[in-house]
Amino acid sequence: MDGLSYPLLRATGEVFLQRICRLGNALLRGHQLPKGEPKLRGVLLPKKGDLSQLGNYRTLSIADVAFRILGGAVSNRLQPAASEVVNTAQTGFIVGRSSATNAITLALLQHAIKSQHLASPVWILNLDQQKAYDRV
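120 is the number that our numbering gives to position 111 of the sequence shown; each next residue is one higher, with no gaps.
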């Protein structure tokens with residue numbers, strides 16, 4: 010399926026959908042992809058700093074179209090369960106949640122601290138997320 014484009018897949022319609030369903034079901038049953046079948050293509054993108062240091066590059070990986078579609082289907086099936094098992098403090102990448110909620114919660118907490126409406130001491134931990142995506 011390597012090298013297929015979205016317009017081609019749209020034009021093939023039902024034929025492609027049947028093939029991607031067979032592929033997904035085979036993978037779920039434990040079948041392996043043929044050797045040499047590309048799963049991802051990647052490049053290194055320079056960030057800032059000394060480019061002789063590998064840590065100053067970010068990877069960009071792109072899956073073949075068929076695997077992106079299959080991954081999207083799996084993600085759509087898992088989303089309802091994710092909101093039930095992932096802690097409510099985790100707001101990114103969960104349908105129906107927004108990181109703005111965390112910002113609002115922090116603002117309300119700051120207001121409560123300033124107006125002394127809290128009965129016990131409060132600790133706030135601020136983590137530097139500059140390289141968060143580099144460590145996932």
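Note that CB positions come from ideal geometry on N, CA and C, so glycine has one too.
Would you mind sorting residue i into buried or exposed? The rule is 16 or more other CB atoms within 10 Å of its CB.
i	result
residue 20	exposed
residue 78	buried
residue 24	exposed
Taking the Cβ atom as the reference point for each residue, do residue i and residue j lie within a distance shorter than 8 Å?
i	j	result
residue 111	residue 97	no
residue 72	residue 48	yes
residue 104	residue 125	no
residue 33	residue 82	yes
residue 13	residue 75	yes
residue 51	residue 69	yes
residue 160	residue 131	Because residue 160 is not part of the residues shown, which for the chain are 10 to 145, the question remains open.
residue 56	residue 66	yes
residue 121	residue 115	no
Sort out for me which residues DSSP pairs residue i with in a bridge.
i	result
residue 94	Bridge partners of residue 94: none, in fact.
residue 114	Answer is none; residue 114 lacks a bridge partner.
residue 50	71
residue 55	66
Which residues mark the beginning and the end of the beta strand (DSSP E) in which residue i is found?
i	result
residue 72	66-72
With a threshold of 7 Å, establish whether the CB of residue i neighbours any heavy atom of the ligand PLP.
i	result
residue 29	Looking at this structure, you won't find the ligand PLP or any other ligand, since it has none at all.
Could you please give the first and the last residue of the uninterrupted alpha helix (DSSP H) stretch that includes residue i?
i	result
residue 131	Careful: residue 131 lies outside any alpha helix (DSSP H) and carries neither H nor E.
residue 33	23-37
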